[in-house]
Amino acid sequence: MTEQNGTRSGRRPGRSGTREAILDAARVRFAQVGFDKASIRSIATAASVDPALVHHYFGTKQELFAAALELPLDPAVVTRQIAAAPVEKLGETIVRTVLTVWDSPLGVQAVAAFRTLLGSGDPALARAFLLEVVLKDVRPRVDSPPGSGARRTTLAASQLAGLLVMRKIVQLEPLASMSVDELTAIVGPTLQRYLTGEL
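Under UniProt numbering, the residue at position 123 of the sequence shown is numbered 123, and the numbers go up by one with no gaps.
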């Protein structure tokens with residue numbers, strides 16, 4: 001539909017810099033309240049844009065989070081594989097899935113994003129990513145005895161973060177050159193104990 005002056009009617013396009021303003025607002029909001037409590041509407045308000053514009057640029061909140069952290073892929077690719085694993089295979093699946101991504105061609109970007117998270121001076125984004133995105137759906141599955149799910153996933157996150165830092169950032173040998181299969185066999189049971197074993 002065209003108006004009389006020859007321009008198209010409907011929602012106006014975002015102004016120059018809108019995408020960056022949304023990303024800046026998202027980073028601040030995610031750091032302040034975490035992934036779960038940050039709403040698209042609150043991010044849009046902080047960026048002075050309509051919420052529909054946030055969806056237009058980024059799609060879902062998870063896709064916005066990935067863009068804000070400059071992640072090379074949608075975290076749902078990882079979380080879907082973890083969600084499909086039986087509880088007794090969670091440790092192995094988490095290690096294998098995450099290391100496979102980090103060892104893929106996307107791994108260079110993943111390492112850069114992780115460096116940014118760790119070096120940002122605000123650990124809230126890294127914490128939100130690990131606990132509220134990667135391991136969020138694991139927590140209720142391992143909440144036995146009741147109330148232990150948060151402790152279990154925090155321990156698993158610490159093990160996973162340490163593994164990634166030593167393998168990809170510090171490049172500590174022989175850890176850096178071990179195969180995914182080797183590390184899955186060695187580290188998977190440790191993660192599994194955190195998730196389902198005695199604490």
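For every residue, glycine included, the Cβ atom is placed at its ideal position computed from N, Cα and C.
Burial state of residue i, where buried means 16 or more other Cβ atoms lie within 10 Å
i, result
"Arg8", "For Arg8, the pLDDT reaches just 39, beneath the cut-off of 50, and the residue's location in the model is therefore unreliable, leaving the point undetermined."
"Ala176", "exposed"
"Arg29", "buried"
"Val108", "exposed"
"Arg139", "buried"
"Val134", "buried"
"Leu172", "exposed"
"Glu182", "exposed"
8 Å Cβ shell around residue i - same chain, five flanking residues per side excluded
i, result
"Trp102", "Ala110, Val111, Leu164, Arg167, Lys168"
"residue 202", "The chain is shown only over 1 to 199; residue 202 falls outside these bounds and no answer can be derived."
"residue 200", "This structure cannot speak to residue 200, because the chain is shown only from 1 to 199."
"Leu130", "Ala157, Leu160, Ala161"
"His55", "Ile40"
6 Å Cβ shell around residue i - same chain, five flanking residues per side excluded
i, result
"Gly188", "Gly91, Glu92, Val95"
"Lys89", "none"
"Asp137", "Ala83"
"Thr184", "Glu92, Val95, Arg96"
Whether residue i touches residue j by CB criterion (8 Å)
i, j, result
"Val59", "Glu132", "Correcting the residue identity first, residue 59 is Gly in this sequence and not Val. No."
"Arg193", "Leu125", "no"
"Arg152", "Leu195", "yes"
"Val98", "Val78", "yes"
"Leu199", "Ser144", "no"
"Arg141", "Val180", "no"
"Ala47", "Ala21", "yes"
Opening and closing residue of the alpha helix (DSSP H) in which residue i lies
i, result
"Glu70", "That residue, Glu70, is in no alpha helix (DSSP H); it is neither H nor E in DSSP."
"Gln159", "149-164"
"Arg41", "40-47"
"Pro189", "180-196"
"Asp24", "18-37"
"Arg96", "90-102"
"Pro51", "51-58"
"Arg141", "Careful: Arg141 lies outside any alpha helix (DSSP H) and carries neither H nor E."
"Ala84", "76-84"
Other residues of its chain near residue i: CB distance less than 7 Å, five sequence neighbours each side excluded
i, result
"Thr18", "Val49, Leu53"
"Leu23", "Ala67, Ala68"
"Pro51", "Ile40, Arg41, Ala44"
beta-carbon residue i near the ligand ZN non-hydrogen atom, thresh 7 Å
i, result
"Leu199", "With respect to the ligand ZN, the structure shown offers nothing to examine, as it has no ligands at all."
Contact with chain D by residue i, beta-carbon distance below 8 Å
i, result
"Leu135", "Chain labels in this structure do not include chain D; a single protein chain is all it has."
Would you be able to state if there are at least three C-beta pairs under 8 Å between the segment 150-169 and the segment 55-74? The segment 55-74, when compared against the segment 150-169, does not touch it at the 8 Å Cβ threshold.
Counting pairs of beta carbons, one from the segment 76-90 and one from the segment 32-47, are three or more of them closer than 8 Å? The answer is no - the segment 32-47 does not touch the segment 76-90, with fewer than three Cβ pairs under 8 Å.
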